[in-house]
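Chemist: Handing you this structure, nothing more for now.
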Amino acid sequence: MLDPEGSVEHRASSSFSRVFLVPLAMLLAVAALLFLAFAASQQKENDFYTFKVINIRGKLVSLEKYRGSVSLVVNVASECGFTDSHYKALQKLQRDLGPYHFNVLAFPCNQFGQQEPDSNKEIESFARKTYGASFPMFSKTAVTGAGANAAFKYLVESTGKEPTWNFWKYLVAPNGKVVKAWDSTVTIEEIKPYITELVRKIILKQKDEL
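In the working numbering, each number is its position in the sequence shown, counted from 1, plus 16.
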């Protein structure tokens, strides 16, 4: 026959275990939810428009302001053989499509042939005065290697294509995902159909929502 006192002790021990285990289980459940929320937030951040960069005037800006628009991201240089043709074509593209949720985003870079040696102020002055550049420009930066701009690292990782010269072009969709990349030898006229197709989809979507 069981000892009554032993039975009471056993029940007390079981009650203590339940009291301890229930809060522990709740704590683990909350921790799991927090981890999932963190993982989801990290996944959500994985697009071009979530990055912050320095603009040509030295101000930290968020690329979120371009979300919902199509962007053509270009590493520009002022003294390159591609400078004249590309700057003219990029400004025409900005002028023609800028009113329809599109932007050229220009990132000066001096990594290739040392062809962007001047200061940000001089680079901006050259682009504005020589070509009437009205598109957003950002601070001179590295676009390849260990010290590359984080936004450019994302472009490279997304496409598997790393710039090897000036005027590489990356097309970014309204959701921040990279659609396609082209090297320096591909002209703006050649890639314009890809850009206009994305812009057209934005316009049609807006009409459907009216």
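Quick reminder that beta carbons are idealized off the backbone N, C-alpha and C, glycines included.
All values derive from a computational prediction rather than experimental measurement.
Assess contact between the segment 83-101 and the segment 178-185, defined as three or more Cβ pairs (one per stretch) separated by less than 8 Å. Is contact present?
Modeler: With the cut-off at 8 Å, the segment 83-101 and the segment 178-185 touch.
Chemist: Taking its Cβ as the centre, do 16 or more other Cβ atoms sit within 10 Å of Q58, making it buried, or is it exposed?
Modeler: For the purposes of this step, residue 58 is taken as residue 42 along the sequence shown, with counting starting at 1. Caution is warranted here: a pLDDT of 49 is assigned to Q58, below 50, making its placement in the model unreliable, and no coordinate value can be reported.
Chemist: Report the residue ranges of all alpha helix (DSSP H) runs contained in full by the segment 144-214; include only those spanning at least 4 residues, in chain order.
Modeler: 166-175
Chemist: For P115, does the three-state DSSP call read helix, strand or coil?
Modeler: For the purposes of this step, residue 115 is taken as residue 99 along the sequence shown, with counting starting at 1. P115 falls in the helix class under three-state DSSP.
Chemist: Drop a sphere of 10 angstroms on the beta-carbon of K191, count the other beta-carbons inside from all chains shown, and report buried for 16 or more, exposed for fewer.
Modeler: Looking up residue 191 in the sequence shown gives position 175. The sequence as given places Asn at residue 191; Lys does not occur at that position. N191 is exposed by the Cβ-count criterion.
Chemist: Mind the definition here: the segment 100-113 touches the segment 134-151 only if three or more C-beta pairs lie below 8 Å; say whether that holds.
Modeler: yes
Chemist: Starting from K68, trace the beta strand (DSSP E) both ways and give me its first and last residue.
Modeler: As a first step, residue 68 is located in the sequence shown; it is residue number 52 there, counting from the start. First-last of the beta strand (DSSP E) with K68: K68 to I70.
Chemist: Can you tell me the Cβ-Cβ gap for L187 and K196, rounded? I've got them flagged as a contact below 8 Å.
Modeler: Here residue 187 corresponds to residue number 171 of the sequence shown, with the count starting at 1. Here residue 196 corresponds to residue number 180 of the sequence shown, with the count starting at 1. The Cβ separation is near 5 Å, so the contact holds.
Chemist: For V202, count the other beta carbons within 10 Å of its own beta carbon; 16 or more makes it buried, fewer makes it exposed. Which is it?
Modeler: Position 186 of the sequence shown holds residue 202. Exposed: under 16 other Cβ atoms inside 10 Å.
Chemist: Spatial neighbours of V172 within its chain, please: CB distance less than 6 Å, with the 5 preceding and 5 following residues excluded, ordered by chain position.
Modeler: Position 156 of the sequence shown, counting from 1, holds the residue named residue 172. Same-chain partners within the cutoff: E178.
Chemist: Which two residues bound the contiguous beta strand (DSSP E) that contains L76?
Modeler: As a first step, residue 76 must be located in the sequence shown, where it is residue number 60. Element bounds for L76: L76 to S78.
Chemist: Does the distance from the CB of Y210 to the CB of F64 come in under 8 Å?
Modeler: Along the sequence shown, read from residue 1 onward, the residue named residue 210 stands at position 194. Along the sequence shown, read from residue 1 onward, the residue named residue 64 stands at position 48. No, these two residues do not count as a Cβ contact at 8 Å.
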